[in-house]
Each structure stands twice: as structure tokens, then as C-alpha cells.
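Working notes, structure below.
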Amino acid sequence: MKFRPCIDLKNGKVVQIVGGTLSDDDSQTVTNFESEKSPCYFAELYAKHQLRGGHVIALGPDNQDAAKQALQAYPGGLHFGGGVNLENASQWLDNGASHVIVTSYVFYEGKLDLTRLEKLVKEVGKQHLVLDLSCRSTERGYIVVTDRWQKFTDFVVNAETLAQLAEYCDEYLVHGVDVEGLQSGIEDELVELLGQYSPLPVTYAGGARSLEDLNRVYQLGKAKVDLTIGSALDIFGGQLPFSDVLKWKPQQNNS
Numbered sequence: 039m040k041f042r043p044c045i046d047l048k049n050g051k052v053v054q055i056v057g058g059t060l061s062d063d064d065s066q067t068v069t070n071f072e073s074e075k076s077p078c079y080f081a082e083l084y085a086k087h088q089l090r091g092g093h094v095i096a097l098g099p100d101n102q103d104a105a106k107q108a109l110q111a112y113p114g115g116l117h118f119g120g121g122v123n124l125e126n127a128s129q130w131l132d133n134g135a136s137h138v139i140v141t142s143y144v145f146y147e148g149k150l151d152l153t154r155l156e157k158l159v160k161e162v163g164k165q166h167l168v169l170d171l172s173c174r175s176t177e178r179g180y181i182v183v184t185d186r187w188q189k190f191t192d193f194v195v196n197a198e199t200l201a202q203l204a205e206y207c208d209e210y211l212v213h214g215v216d217v218e219g220l221q222s223g224i225e226d227e228l229v230e231l232l233g234q235y236s237p238l239p240v241t242y243a244g245g246a247r248s249l250e251d252l253n254r255v256y257q258l259g260k261a262k263v264d265l266t267i268g269s270a271l272d273i274f275g276g277q278l279p280f281s282d283v284l285k286w287k288p289q290q291n292n293s
């Protein structure tokens, strides 16, 4: 298990938001933090500390230049997601992303479109593809959501589907959308599910607020689930020192 950093972009600025409020109506989105520092600053910070495999996410339009700046500041060190499709996926790799992150393009009109997924794999290669299985809790289980996390698909995240998709991608990224940005604690059940059933490297994001949450993900995820922390970090206006996260060692913090 390791810590995975993030650079979330909205209107060209580095931000942290409450994920469940993301909407086409910008006035409805709750922003926890907007940085005066550039995307390059954060990319270079992560490069300095050799934090690989973090994600740059474009939350809506007007983020192309900012995303390219971040990726080019840390070539091969970051993944990119946000509007990725068959036409532009290779361009993001050319701009420095090690992987592209995809949701809405392959979960098309509420269903997994294997034809689209297979074309994307052929275009960029399985080794460069991360499938975003960000989801919300329902009576049916954890259901993948798309289109700014507002549209439910019919796709349930479980042992069978995690195994099914493993042949098409290199990693999974999973936001617990119901707790994303709230600093209210992680989705225990979701982390446990990922740790038990994911056959691929998987990063969980959502609700983490403390070193105790790092320990909890380590335990519930059987040391196989990586963790992203956003709003809680002091570099994003929170109370958790980034320096403490860098020093965290699971072997020293778990009995």
C-alpha cells in the first residue's frame, strides 16, 4: 500500500471539492479549497518526493492547458482523467501521462460498452489504461456513476466485475463518491471489497482525514489498496500535514 497524490483542476485552478456536489451548474459545486499555486508546483512537489501514480483530474472544461503543464512537469509520474476518449487518449500520453483514466467513455449511456473499451485498449494499450470505477452505495451494492458522478449506470462493483475488467486495464481508481471531499472518514465496506476482490492495483479516494485512515485502509484493504488524500492535507487547506503522510509507514503504525 502507498499514498497516491492528486491534482484536481477546475477552471484551470488546483482545487478540492465535495465530489457529490459536482454538477453541470457550476454554482452548485461545493469547493473546499482553491490554490494560488500552479498545477506545476504540485506536480514538481510530487516528483521531488518520488510519489508516482497520482492522478490529474480535469473537472469540466477549461483545464486542458493546466493539465498539460502538470503532466509535463512530472513526465511519466502521473495519470490523467477527465473527458478521455478514443480520439484524445493517445494525446494525453504524448503530453506526459503514464496512464489515462476513463469512465464515461466506456460506461456509455449507463452501460459498460465493451466495444468502446476494446477500441481504447487497442489504441493506448492495456498497460496505459486505468478504469475509474467511482461509485455510490445503493441497495444493490456499489454502483458506478458517470457524468460528473451524477448518472447511475447498471454496473455493480463486485468480485465478478472486478475480475471481468482486469483483462482490459492496468489499474482501477475508485472514489467513494458519497464521502468524497467531506473529510468524514472512508467507506469501510468499499475499501474492504476492493482489498478482497481486486486482482489489479487499485487506488481508493474519498473521506480520508487522518493517519488513522491510512492505517484503516491498510488493514481493511489487506495492504493492497492505495489511498488518495485530498481536502484533509495542509497543502490543500486541511489539517493533516503532508510531511506526516510522507513519513507514514504501515509496519510502524500497525500491530
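If you count the sequence shown from 1, position 82 lands on 120 in the numbering used here, and the numbers rise without skipping. Beta carbons are placed, not taken as given, at the ideal position from N, Cα and C, and that holds for glycine.
Do residue j and residue i come within 8 Å of each other at the CB atom, strictly closer than that value?
i: Gly233; j: Glu225; result: no
i: Thr141; j: Ser172; result: yes
i: Leu238; j: Tyr206; result: no
i: Gly114; j: Ser136; result: yes
i: Cys44; j: Gly92; result: yes
i: Asn101; j: Leu47; result: yes
i: His87; j: Leu131; result: no
i: Leu124; j: Val94; result: no
i: Ala108; j: Phe145; result: no
i: Leu211; j: Val168; result: yes
i: Gln221; j: Arg254; result: no
Using the beta-carbon count (16 or more within 10 Å), is residue i buried or exposed?
i: Leu158; result: buried
i: Gly259; result: buried
i: Ser269; result: buried
i: Phe41; result: buried
i: Asn292; result: The predicted model places Asn292 with a pLDDT of 43, which falls under 50 and marks its position as unreliable, so this point remains unresolved.
i: Thr241; result: buried
i: Gln290; result: Low confidence applies here, because Gln290 scores a pLDDT of 47, under 50, leaving its location unreliable; read the following figure in that light. Gln290 comes out exposed.
i: Gly163; result: exposed
i: Thr191; result: buried
Tell me the residue span of the beta strand (DSSP E) that contains residue i.
i: Val212; result: Glu209 to His213
i: Lys48; result: Cys44 to Lys48
i: Glu72; result: Thr69 to Glu72
i: Gly179; result: Gly179 to Thr184
Tell me which residue opens and which closes the alpha helix (DSSP H) that residue i is part of.
i: Phe190; result: Taken as a continuous stretch (DSSP letters only), Phe190 belongs to no alpha helix (DSSP H), being part of the beta strand (DSSP E) at Lys189 to Val194.
i: Ser175; result: Where Ser175 is concerned, there is no enclosing alpha helix (DSSP H), although the beta strand (DSSP E) it sits in stretches over Cys173 to Thr176.
i: Val159; result: Leu152 to Val162
i: Asp216; result: Unbroken run through Asp216: none, as it is neither H nor E.
i: Asp282; result: Phe280 to Lys285
i: Leu258; result: Leu249 to Leu258
i: Leu271; result: That residue, Leu271, is in no alpha helix (DSSP H); it is neither H nor E in DSSP.
Relative to the ligand ADP, is the shortest distance from any of its heavy atoms to the C-beta of residue i smaller than 7 Å?
i: Glu74; result: This structure does not include the ligand ADP; it has no bound ligands of any sort.
Unbroken alpha helix (DSSP H) runs of length 4 or more, entirely within the segment 74-160: which are they? You should have 77-86, 102-111 and 127-132.
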